[in-house]
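Residue numbers (the working numbering): 3 to 494. We put the CB at the ideal spot given by N, CA and C, even for glycine.
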Ligand code: HEM
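1) Between residue 219 and residue 305, which are expected to be in contact by the criterion C-beta below 8 Å, what is the C-beta distance as a whole number of angstroms?
2) Could you pull out every residue in the same chain whose Cβ sits closer than 8 Å to the Cβ of residue 108, ignoring the five residues on either side in sequence?
3) Below 8 Å on the Cβ atoms is my guess for residue 353 versus residue 331; work out the distance and round it to an integer in Å.
4) Identify whether residue 484 lies in helix, strand or coil by the three-state DSSP scheme.
5) Is residue 108 helix, strand or coil by DSSP?
6) Less than 9 Å between the beta carbons of residue 371 and residue 481, yes or no?
7) With distances taken Cα to Cα, identify the nearest neighbour of residue 498 among 176, 140 and 40.
8) Could you round the C-beta distance between residue 382 and residue 76 to whole angstroms and report it? I think they count as a contact, below 8 Å.
9) Under 9 Å, do residue 299 and residue 443 count as touching if we go by C-beta distance?
10) Distance, Cα to Cα, residue 464 vs residue 325?
11) Which residues in the same chain as residue 286 place their Cβ atom closer than 6 Å to its Cβ, once the five residues preceding and following it in sequence are excluded?
12) Should residue 400 and residue 362 be called a contact, given that it needs their Cβ atoms to be closer than 9 Å?
13) Within the present structure, is the beta-carbon of residue 149 separated from the nearest heavy atom of the ligand HEM by less than 8 Å?
14) For the beta strand (DSSP E) containing residue 82, list its first residue and its last residue.
15) Compare the C-alpha of residue 351 against each of 456, 446 and 295 and name the closest.
16) I need the DSSP call for residue 53, collapsed to helix, strand or coil.
17) According to the neighbour-count rule (16 or more other Cβ atoms, all chains shown, within 10 Å of its Cβ), is residue 236 buried or exposed?
18) If you follow the beta strand (DSSP E) that residue 426 is in, where does it begin and where does it stop?
19) Check whether the Cβ of residue 135 sits closer than 8 Å to any heavy atom of the ligand HEM, and report yes or no.
20) Roughly how many angstroms lie between the CA atoms of residue 339 and residue 321, to the nearest whole one?
21) By DSSP, does residue 398 sit in helix, in strand, or in coil?
22) Assess, as a yes-or-no matter, whether the stretch 44-61 is touched by the stretch 105-121 under the definition of 3 or more beta carbon pairs within less than 8 Å.
23) Could you check where the beta strand (DSSP E) with residue 381 kicks off and where it finishes?
24) Mind checking whether residue 280 and residue 292 have CB atoms under 9 Å apart?
25) Flag this pair as touching only if the stretch 79-90 and the stretch 424-436 have three or more C-beta atom pairs under 8 Å; answer yes or no.
26) Taking the Cβ atom as the reference point for each residue, do residue 157 and residue 303 lie within a distance shorter than 9 Å?
27) Would a C-beta distance cut-off of 9 Å place residue 461 and residue 342 closer than the cut-off?
28) Which partner residues does residue 374 have in the DSSP bridge list?
29) Assign residue 493 to one of three DSSP states: helix, strand, or coil.
30) Ends of the alpha helix (DSSP H) at residue 446?
31) Consult DSSP for residue 477 and reduce its assignment to one of helix, strand or coil.
32) Any idea if residue 396 is buried or exposed, counting beta-carbon neighbours within 10 angstroms, 16 or more meaning buried?
33) When we look at the beta-carbon of residue 473 and count the other beta-carbons within 10 Å, is it buried (16 or more) or exposed?
34) Would you tell me roughly how many angstroms separate the C-alpha atoms of residue 288 and residue 123, rounded to the nearest one?
35) Cβ of residue 221 within 9 Å of Cβ of residue 192?
36) Using the DSSP secondary-structure output, state which residues sit across from residue 384 in a beta bridge.
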């Protein structure tokens, strides 16, 4: 739904608007009429056709406006995205709703993209039902099994080694590391799903696969536009086709995985392979399911995890004093010859505090994936009908001046207690992985990967800005908030 914030940037012939005006007025009118009698959360008065989109302001990020609306209407308010009603939750109302017993706030919107993407057999996008619960449980167990056996840690470490090698070869020339990080994370999740990768050829082929996955969300704003205004669908058909063709192609590769991947030299037929991949664990439960879940995991995990790593490097480059402190802490607490384990993060409170302060300040998953109500509900005294789209505005927690002093300031020390330990209560306040039943299934993988990545790269590398091309804290919104591309000089 964050895609909707760009809708205004898409140029459409004004005559098309005129043509659809009457139809949409009727839709909006009918929609409101249908719900008369309910005590809906308040919100700004919607305009015909565009709803409240024009009132969201010109910023690519809508937070300023959301903050204003919260001040005026309280923690629960309504915003119309064209003809679709969206209820925004803020502050304490987020937990009140998402932690309600049962699945009331854990659905996904009933719109064609969510229904059709990967035949509705994903974990991320399909609504909550018995089939979803089975799929979620099996996948969670499979991820847990791989984590417990330590396979995942081995894969993550091997990919960090490969990344460090690339960093070293840049020889401190200006370098944008975004694609390298996407490839490394994509390879990690791919190997978690399929088993170990074979050789350089495999890596090169996989690069194209990973880049296709990371590029999928680029079509989302157009899909959302077609979703809001079906009359525009003919004009947006090429984007829709591009999106579904790409995802079908990606599923097809997984479908023919064994012969295809072996042919491409991507994987081996080792004994170990059979027991050490999500695919084989899931296949024992459902012969068909794994291909959708695997693409979902690659899609859900690759972009957000690699972006979080990219953001970490951005902050290190912009805040050299923080970088110096982290390097000092690591040098004093970890031996260069020791193998770094995920639990070593406990020896590095300032480093861990910085990771959480970055998750707070940069808020890569600002609203997560949209939720929807699965039955009629009440929150803060307001009625919310079954099937309403719900957006938890996590920024209202992350930047709440009641919880954080000077919330716009980046300050890792705020995450520490007076004795220099990580403040567990403050850490808990940061809902980077979501809240409730739909919280991130890959959280243990994400946390382990970030901790290992940060400890190892900060032990080995320093990041310096490129003179005249200094990076900034400017963001490109999508399902994941990405920094504007930047270059750094990496010294090893
Ligand atoms: C820094 C790393 C990550 C962050 C910050 C993150 C954050 C999130 C957030 C905010 C959500 C949405 C929660 C909601 O709907 O309320 C989510 C969902 C999800 N994430 Fe992650 N994630 C990360 C890494 C990963 C990885 C590595 C994987 C898998 C390999 C993964 C798999 C998923 C899945 C499958 C869902 C959908 C859960 C559902 O709909 O029930 N994530 N994640």
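Inspection of the coordinates gives the following:
1) Translated into positions along the chain shown, residue 219 becomes position 217. Translated into positions along the chain shown, residue 305 becomes position 303. So it is a contact: roughly 7 Å between Cβ atoms.
2) Here residue 108 refers to the residue found at position 106 of the chain shown. Closer than 8 Å at the Cβ level, and outside the excluded window around residue 108, lie 100, 130, 373, 376, 438, 439 and 440.
3) Your numbering for residue 353 matches position 351 in the chain shown. Your numbering for residue 331 matches position 329 in the chain shown. Contact holds; Cβ gap of about 6 Å.
4) Position 482 of the chain shown, counting from 1, holds the residue named residue 484. It is a strand residue.
5) In the chain shown, the residue the question calls residue 108 occupies position 106. Looking at residue 108 - three-state DSSP - the assignment turns out to be coil, as it is neither helix nor strand.
6) Here residue 371 is taken as the residue at index 369 of the chain shown, counted from 1. Here residue 481 is taken as the residue at index 479 of the chain shown, counted from 1. Yes. Within cutoff.
7) This structure cannot speak to residue 498, because the chain is shown only from 3 to 494.
8) Taking the chain shown and counting its residues from 1, the one referred to as residue 382 is at position 380. Taking the chain shown and counting its residues from 1, the one referred to as residue 76 is at position 74. So it is a contact: roughly 7 Å between Cβ atoms.
9) In the chain shown, the residue the question calls residue 299 occupies position 297. In the chain shown, the residue the question calls residue 443 occupies position 441. Contact: yes.
10) By one-based count along the chain shown, residue 464 stands at place 462. By one-based count along the chain shown, residue 325 stands at place 323. So the two alpha carbons sit approximately 8 Å from each other.
11) Your numbering for residue 286 matches position 284 in the chain shown. Around residue 286: no qualifying Cβ.
12) Position 398 of the chain shown, counted from the start, is the residue given in the question as residue 400. Position 360 of the chain shown, counted from the start, is the residue given in the question as residue 362. Taking 9 Å as the Cβ cut-off, residue 400 and residue 362 qualify as a contacting pair.
13) Here the question's residue 149 lines up with position 147 in the chain shown. It does not: the Cβ of residue 149 is nowhere closer than 8 Å to a heavy atom of the ligand HEM.
14) As a working mapping, residue 82 is identified with position 80 in the chain shown. That run of the beta strand (DSSP E) goes 78-83.
15) Numbered from its first residue, the chain shown carries residue 351 at position 349. For residue 351, the nearest C-alpha among the options comes from 456.
16) As a working mapping, residue 53 is identified with position 51 in the chain shown. If DSSP states are grouped into helix, strand and coil, residue 53 belongs with the strands.
17) What you label residue 236 is simply residue 234 of the chain shown in a count that begins at 1. Result: exposed.
18) As a working note, residue 426 is residue 424 in the chain shown. Premise fails: residue 426 lies in the alpha helix (DSSP H), 426-430, not in any beta strand (DSSP E).
19) The count along the chain shown starts at 1 and reaches residue 135 at position 133. Checking every heavy atom of the ligand HEM against the Cβ of residue 135, none is found closer than 8 Å.
20) Here residue 339 corresponds to residue number 337 of the chain shown, with the count starting at 1. Here residue 321 corresponds to residue number 319 of the chain shown, with the count starting at 1. Spanning the two alpha carbons is a distance of roughly 28 Å.
21) Position 396 of the chain shown, counted from the start, is the residue given in the question as residue 398. Three-state result, residue 398: helix.
22) no
23) Numbered from 1 along the chain shown, position 379 holds the residue referred to as residue 381. Where residue 381 is concerned, the enclosing beta strand (DSSP E) stretches over 379-381.
24) For the purposes of this step, residue 280 is taken as residue 278 along the chain shown, with counting starting at 1. For the purposes of this step, residue 292 is taken as residue 290 along the chain shown, with counting starting at 1. In contact: residue 280 and residue 292 (Cβ atoms closer than 9 Å).
25) no
26) Taking the chain shown and counting its residues from 1, the one referred to as residue 157 is at position 155. Taking the chain shown and counting its residues from 1, the one referred to as residue 303 is at position 301. Their beta carbons are not under 9 Å apart, which means residue 157 does not touch residue 303 by this criterion.
27) Position 459 of the chain shown, counted from the start, is the residue given in the question as residue 461. Position 340 of the chain shown, counted from the start, is the residue given in the question as residue 342. Yes. Within cutoff.
28) Along the chain shown, read from residue 1 onward, the residue named residue 374 stands at position 372. 109 and 391, per the DSSP bridge assignment.
29) Locating residue 493 in the chain shown gives position 491, where the first residue counts as 1. Residue 493 falls in the strand class under three-state DSSP.
30) Here residue 446 refers to the residue found at position 444 when the chain shown is read from its first residue. Its alpha helix (DSSP H) spans residues 445-462.
31) Taking the first residue of the chain shown as position 1, residue 477 is located at position 475. Three-state DSSP puts residue 477 in a strand.
32) The residue labelled residue 396 in the question sits at position 394 within the chain shown. When all chains shown are included, residue 396 counts as buried.
33) One-based indexing of the chain shown puts residue 473 at position 471. That one is buried.
34) Here the question's residue 288 lines up with position 286 in the chain shown. Here the question's residue 123 lines up with position 121 in the chain shown. For residue 288 and residue 123, the distance between alpha carbons rounds to 12 Å.
35) In the chain shown, the residue the question calls residue 221 occupies position 219. In the chain shown, the residue the question calls residue 192 occupies position 190. No. Outside cutoff.
36) To locate residue 384, count along the chain shown from 1; it is residue 382. DSSP, once it has assigned bridges, lists 381 as partnering residue 384.
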